[in-house]
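Working notes, structure below.
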Amino acid sequence: MAKKKSKFMLSAFTIIIILIAGLGVLSHLLPNAQFVGDEIINGSGTVGAKLSEVLLSPILGFQNAVDVCVFVLILGGFLAIVTKTGALETGIKVLVKKLKGNELVLIPILMLIFSIGGTTYGMLEETVGFYALLSATMVAAGMDTIVASAVVLLGAGSGVLGSTINPFAVGAAVSALPEGTVVNQGLIILIGIFLWLSTLIISIIFVMNYAKKVKADKGSTFLSLREQKMMEKKYGKEETEEEKKNVKLTGKQKVTLVLFGITFLVMIIGFVPWGDFNVTIFEETTGWLTGSPLGSWYFFESALWFLIMAVIIGIINRMHEKDIVDTFIDGANDMVGVILVIAVARGASVLMQTTYLDNYIIYNASNVLKNVPELVFTPLNYLLHIVLSVLVPSSSGLATLSTPIIGPLAGNLGYSVEVAVMSMVSANGLVNLITPTCGAIMGGLALAKVEYSTWFKWAFKVVFTIALINILVLTVFTIIL
2 MAKKKSKFML SAFTIIIILI AGLGVLSHLL PNAQFVGDEI INGSGTVGAK
52 LSEVLLSPIL GFQNAVDVCV FVLILGGFLA IVTKTGALET GIKVLVKKLK
102 GNELVLIPIL MLIFSIGGTT YGMLEETVGF YALLSATMVA AGMDTIVASA
152 VVLLGAGSGV LGSTINPFAV GAAVSALPEG TVVNQGLIIL IGIFLWLSTL
202 IISIIFVMNY AKKVKADKGS TFLSLREQKM MEKKYGKEET EEEKKNVKLT
252 GKQKVTLVLF GITFLVMIIG FVPWGDFNVT IFEETTGWLT GSPLGSWYFF
302 ESALWFLIMA VIIGIINRMH EKDIVDTFID GANDMVGVIL VIAVARGASV
352 LMQTTYLDNY IIYNASNVLK NVPELVFTPL NYLLHIVLSV LVPSSSGLAT
402 LSTPIIGPLA GNLGYSVEVA VMSMVSANGL VNLITPTCGA IMGGLALAKV
452 EYSTWFKWAF KVVFTIALIN ILVLTVFTII L
């Protein structure tokens, strides 16, 4: 096997800092914003960023992302305690042994499951914990951590891109429409289903083809030599045939894995906004532990849940108090780099809001869209939201910023408001498969030991293909509607 040369690559931190600096410079090159009192005239211009604002934005990213950072920190402690029991490592070995060379079947199954979470409640940032778990699984099965990252990110991302009832994307966009703008929820769900399934199929094909190549020939991995060494150090462990044959879970390890699965299952149930679906069973029965009922959870409640389960798993495995505390701290310490990446990535959004750059782009782009034919309106609207999503990766944030302008504009021109809404949702979902300003991407890749530049180069082809199919689907619905 020919060894790959180690390539020079910019770190995730450097890429994001360069982007933030670029935004700061851009805010000075555009027209100055006009104010009436303390209120800005929308689209009039930007407020040039001060040097202090540019430098502070990555720091303020911590404030903006504190909930995610706390969750990731405690998740690290939880995973460390589970790892200490040996249950996770042994469970993965048992799974690989049972599949007997059919490990590739895991890819479409897991991607479908992640995508369902994405389309229903926007599961993306919540997937960070799965990167480490699937990295260990895929490496043990003879693949690499790019496969693991793609299963999680393209799986969940396919669903988010084709959101059907996701309250953080579709829900936020519809609620942001001005009063009097008519929208058909059934049509939005139908368009979302087509976007979701077409994107998922494309993603599965790309990931399966790559996984087959790596499994057949380790030299075909897209990882650099440095990344391969990091992957092997973190997730690789050579075993003898005898060890592989005799691998077996103990009783305690089985209980630990059950609790491990329950922990993630309860977290997922906690994030699903059941009230939006008229499910009220959790409202009065499940808030006693975290203060919020299942369905109203976010990262702080989930962090508390993982902390509690970490202690319970430690006690069941008869770990001493000091051992539990020390292991938990070590695990949390391993997540510091991940947290730094997430926080710095949020700094770009902070600077966008400070300089009103987001407002300037959306208002002026909408004026251009007024004068184009319907068949051009949809692709241009999609491309506009790709640009906006790099700068404002939050689906709910972008919906609040964009939909009050673009939705009525489409309606007034006689175009489909539903297609306009889903153009925003799908473009935002597409960008969040590859942008360095998305904390879920940067944090997950850091756990999987994959450099952002490597992921960008590997994922660009599939993301470009998805974009073309998205535009085609949206254009067809534009013609039909």
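Under the working numbering, the letters of the sequence shown match residues 2 to 482, in that order. The beta-carbon is built from N, C-alpha and C at its ideal position, and this holds for glycine as well. No experiment lies behind these values; they were computed from the predicted model shown.
Asked, Found
"E233: first and last residue of the uninterrupted alpha helix (DSSP H) it sits in", "L226 to Y236"
"V129 and V339 closer than 9 Å at C-beta", "yes"
"Per-residue DSSP class, three states only, for E375", "helix"
"Check whether A177 and T404 have beta carbons under 9 Å apart", "yes"
"Contact under 9 Å by Cβ, L24 with T286", "no"
"Contact set for A346: own chain, Cβ-Cβ below 6 Å, skip 5 residues either direction", "I17, T438, G440 and M443"
"Cross-strand partners of F36 (DSSP beta bridge)", "I41"
"The stretch 317 to 333 in contact with the stretch 39 to 56 per 3-pair CB rule at 8 Å", "no"
"Reference R319; option with closest CA among V71, I472, I82 and M425", "I82"
"Residue closest to A142, alpha-carbon to alpha-carbon, out of T120, L100 and E180", "L100"
"Own chain partners of M112 with C-beta closer than 8 Å, once the 5 adjacent residues on each side are dropped", "V152, L155, G156, S159, L201, S204, I205 and V208"
"Chain C within 9 Å of I110, Cβ atoms only", "Reference to chain C is not applicable here, since this structure consists of a single protein chain."
"Three-state secondary structure (DSSP) of T200", "helix"
"Nearest neighbour of T84, chosen from Y236, S293 and V432 [CA to CA]", "Y236"
"Reduced DSSP category for T286 - H, G, I as helix; E, B as strand; rest coil", "coil"
"Test item: CB-CB of L358 and L392 under 9 Å", "yes"
"Unbroken alpha helix (DSSP H) run spanning F169, endpoints", "Element bounds for F169: n/a, residue is neither H nor E."
"Residue of K253, L448 and L188 minimising C-alpha distance to V337", "L448"
"7 Å CB neighbourhood of T476 in its chain, flanking five on each side removed", "L376, T379 and P380"
"Residue range of the alpha helix (DSSP H) that includes N429", "V418 to V432"
"DSSP-derived helix/strand/coil call for T281", "coil"
"Backbone CA spacing between A34 and N360 [nearest angstrom]", "10 Å"
"Secondary structure of T47, DSSP reduced to three states", "strand"
"Beta carbon of W197 nearer than 9 Å to that of G172", "no"
"Selection from S397, V342, L370 and L410 that minimises the alpha carbon distance to T15", "V342"
"Expected contact under 8 Å - CB spacing of P409 and P179 to nearest Å", "6 Å"
"Start-end ranges of the alpha helix (DSSP H) lying completely within the stretch 348 to 403, minimum 4 residues", "358 to 370 and 375 to 392"
"Assigned exposure category for W306 - 16 Cβ within 10 Å defines buried", "buried"
"Cβ-based burial, L527 [other Cβ within 10 Å; buried from 16]", "An answer regarding residue 527 cannot be provided, because it is not within the stretch 2 to 482 covered by the chain."
"Among N433, Q229 and G296, nearest to I387 - alpha-carbon criterion", "N433"
"Separation of T251 from M124, as counted between CA atoms", "33 Å"
"Candidates Y383, M353 and Q354, of which the one nearest S367 by Cα", "Y383"
"Residues of its chain near E169, where Cβ-Cβ distance is below 7 Å and the 5 sequence neighbours each way are ignored", "The question names Glu, but residue 169 is Phe in the sequence shown. Contacts found: G123, S396 and S397."
"Enclosing alpha helix (DSSP H) for W298 [first to last residue]", "Where W298 is concerned, there is no enclosing alpha helix (DSSP H), given that its DSSP letter is neither H nor E."
"Pick from H29, S45, E302 and L61 that is closest to L76, judged by C-alpha positions", "E302"
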